[in-house]
Amino acid sequence: MKEELVDLLSQALQSLADAESLSLPDRIDIQLERGRGSGHGDYASNLAMRLAPVLRQNPRELATRLVAHLPVHAHIDQVEVAGPGFINFFLTQDAANAVIARIHREGREFGRSHYGRGQRVIVEFVSANPTGPLHVGHGRGAAFGAALADVLEATGHAVHREYYINDAGRQMHILAVSVLIRYLEHRGETMAFPANGYRGDYIHGIARDLEAEAGERYRITAADLAAGLPADAHAGGDKEAYIDALIERARALLGESRYEEILEAAVTAITGDIAEDLAAFGVRYDRWFSERALVRTGAVEQALEQLQAAGALYDAEGARWFRSTDYGDDKDRVVRRADGQTTYFASDIAYHLNKFERGFEQAIDVFGADHHGYMARVRASLEAFGHATDRLTFRLVQFAILYRGSERLPMSTRAGEFVTLRALREEVGNDAARFFYVMRRPEQHLDFDLELAKSQSNDNPVYYIQYAHARVCSVRRQMRERGIEHDHDNGLASVSRLDADHEQALIQSLGRYPEALESAAGNHEPHQLAAYLRDLAGAFHTYYNAHTFLVDDPDLRDARLTLIEAVRQVVRNGLDLLGVSAPDRM
RNA sequence: GCGCCCGUAGCUCAGCUGGAUAGAGCGUCGGCCUCCGAAGCCGAAGGUCGCAGGUUCGAAUCCUGCCGGGCGCACCA
């Protein structure tokens with residue numbers, strides 16, 4: 001409908017220009033927006049106001065003459081010039097009602113579009129380091145990324161969901177020795193735990209599994225392991241130096257292959273745990289992309305060579321640097337350390353290059369807000385490769401702060417007292433968690449109140465929407481109990497009976513769904529969909545309270561039942577994209 | 001110090017990429033179940049859109065500068 005109106009306006013404009021021999025600007029962007037209720041029509045255009053200064057004319061008069069040149073259209077009931085020069089379109093009731101039939105015809109497909117024109121887009125999200133279970137902060141990235149991917153897919157993008165596993169580098173070694181020490185403890189050795197180690201309970205679990213599988217295979221004595229190490233932090237030393245020495249010592253004592261086994265076991269266990277957690281949260285991926293694999297295949301070296309060839313690298317202070325300041329970064333970045341190791345950033349460069357080499361036209365990175373410093377440097381590297389930087393979009397997801405009522409819950413990873421995503425899901429359920437995570441703009445800090453998410457009360461927005469769905473189902477059950485038949489075809493034929501204000505408002509709301517979805521996708525803002533669903537549910541509940549559906553008049557009754565079934569369908573379609581269930585009863 | 005994000009009702013937030021009287025929920029106050037689920041509905045009170053400039057027909061929205069808050073600024077990942 002929107003497109004048709006744009007078309008009509010441009011015809012009118014042409015016709016007016018011909019009649020008055022006006023010289024129009026080359027490009028005219030005709031904008032149409034939804035009238036926001038109160039008497040401004042279904043659609044409004046500001047065309048006359050935008051054109052008035054260019055043509056040196058009064059906007060209202062211009063609008064009036066434009067309207068006079070508008071072709072007649074069956075779906076337009078009335079056109080009005082209002083305010084400073086808006087052209088307001090009022091659609092006929094038939095045109096508005098047509099959406100009901102369309103919803104029933106398209107069912108689960110209703111709202112889906114080709115807006116994205118099949119564009120290949122890769123969405124990378126969560127990508128938490130495999131050093132421990134996901135915590136509540138990651139949960140937001142998961143829910144947001146999943147909803148964004150689904151929304152993009154629904155609007156005609158070819159979406160690929162990917163998790164980048166940072167399974168290379170120093171932190172993996174810290175993980176390995178953390179597991180090793182717990183393992184040795186279980187075997188009766190005693191040794192102070194490194195200040196810089198991972199002390200979460202899950203480390204014990206991995207150590208125990210390792211023990212069950214391999215028995216004494218990794219047994220070394222604590223005394224051997226501790227021999228010649230510098231002082232750790234609690235002994236007044238440097239925790240970084242200590243743990244690095246510990247890693248070297250462990251590798252030497254165990255030998256490279258046994259050491260690698262421990263590391264492998266630890267990474268596999270944690271990655272598996274993360275994957276299981278996400279799957280249970282309804283978050284699925286097309287691929288888990290390993291950083292180590294990237295290093296192993298030489299992709300990192302290749303990327304560096306390409307940068308070298310482009311003259312973007314230089315050596316200084318014993319290390320090799322990427323001249324990212326040439327591309328807008330604050331400072332240049334090390335890609336190869338003085339010890340010869342490539343950095344995490346070097347892998348990241350190769351990884352992003354790889355995304356485009358795989359043929360994705362758009363890459364979207366969903367990052368935690370604490371990673372915002374990366375945007376400039378990653379973008380810089382792509383620019384150095386000659387890729388258009390607008391092909392890479394970052395979405396920063398702010399932290400979720402947990403509350404229990406008014407009490408703020410502390411969260412810290414290293415200390416091991418963090419709240420896991422799993423614990424959150426168990427406490428409030430997947431539906432509430434998924435919805436709460438995406439109901440706010442991602443840039444907005446999220447206050448996540450556990451009590452509120454759990455409460456089955458009217459201040460919980462998840463239930464409000466789900467309840468709309470359940471209520472329709474309930475009406476259906478009631479109908480059967482009373483032995484009433486719903487003649488769906490008659491309902492469709494009788495939609496003109498839906499002339500009450502509440503019904504028209506509800507129909508209008510239903511008609512907005514495809515646009516809401518498109519806007520959520522286009523702006524990468526799934527929360528718009530959440531907000532839309534709340535509005536739709538609100539319009540439905542209002543209608544429910546104002547009118548009885550199961551009336552004696554069969555035409556009216558069928559029409560109303562057909563209408564609320566359409567509501568049920570749209571609520572369900574929308575919730576589905578957000579990963580929230582649409583229960584038949586609650 | 002530099003960079004990114006955020007300041008909208010008492011609280012938590014929308015505001016659709018500049019439009020016509022700034023909207024929800026919670027909370028407060030007052031109403032609605034012999035009627036399809038009250039997990040609901042109706043009404044009232046509550047705002048200088050952080051502050052100051054600028055851009056233009058028009059600014060919560062765009063630009064600049066301040067003020068306040070969060071988060072980053074490693075040859076860690």
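Here the first sequence is numbered in this note's numbering, starting from 1 and rising by one per residue.
For glycine and all other residues, C-beta sits at the position ideal for the given N, C-alpha and C.
Keep in mind that this is a model prediction, so the values were computed, not measured.
Contact check between the segment 134-143 and the segment 261-269: fewer than three CB pairs, one atom from each, fall below 8 Å, which does not count as touching. Residues of the same chain with a CB within less than 7 Å of the CB of A380, apart from the 5 flanking positions on each side, are S324, Y327, G328 and D329 in chain order.
Three or more beta-carbon pairs drawn from the segment 510-517 and the segment 559-570 are found closer than 8 Å, and the two stretches are therefore classed as touching. When DSSP reads this structure, A363 sits in a beta bridge with I122 and L392. Taking all protein chains in view, the Cβ of D365 is crowded by 16 or more other Cβ atoms within 10 Å, so the residue is classified as buried. Residue ranges of uninterrupted alpha helix (DSSP H) with 4 or more members, entirely inside the segment 476-521 and ordered along the chain, are 488-493 and 501-511. Rounded to whole angstroms, the Cβ separation of I100 and L492 is 7 Å, and the two are in contact under 8 Å. Using a Cβ distance threshold of 8 Å, T420 and P130 do not count as a contacting pair.
Bounds of the beta strand (DSSP E) holding L91 are F86 to L91.
Here the alpha carbon of A303 sits roughly 15 Å from the alpha carbon of Y314. Separation of G340 and Y242 (C-alpha to C-alpha, rounded to the nearest whole angstrom) is 21 Å. Under a 10 Å Cβ-count criterion, A316 is classified as exposed, with fewer than 16 other Cβ atoms of the shown protein chains found around its own Cβ. Here Y43 is actually not in contact with F110; their C-beta atoms are around 20 Å apart, not less than 8 Å. In the DSSP assignment, D449 falls within the unbroken beta strand (DSSP E) covering L446 to D449. In the three-state reduction of the DSSP assignment, A158 falls in the strand class. Burial check for D348: the Cβ neighbour count within 10 Å reaches 16 or more, so the residue is buried. In the DSSP assignment, the residues bridged to H135 are T420. The closest CA to that of Q57, considering only P84, H75 and G156, is found on P84. Under the three-state reduction of DSSP output, Q14 falls in the helix class. Under DSSP, I165 forms a beta bridge with S290.
Burial is judged here by how many other beta carbons sit within 10 angstroms of a residue's own beta carbon; G236 has fewer than 16 and is exposed.
According to the DSSP assignment, V79 belongs to the beta strand (DSSP E) that extends over I76 to A82. In this structure the segment 146-154 does not lie against the segment 178-194, because fewer than three pairs of beta carbons, one per stretch, are closer than 8 Å. Residues of the same chain with a CB within less than 6 Å of the CB of A468, apart from the 5 flanking positions on each side, are A537, F540 and V571 in chain order.
Here F356 is not near V335, since their CB atoms are 8 Å or more apart.
S496 is classed as exposed because its beta carbon has fewer than 16 other beta carbons within 10 Å across all chains shown.
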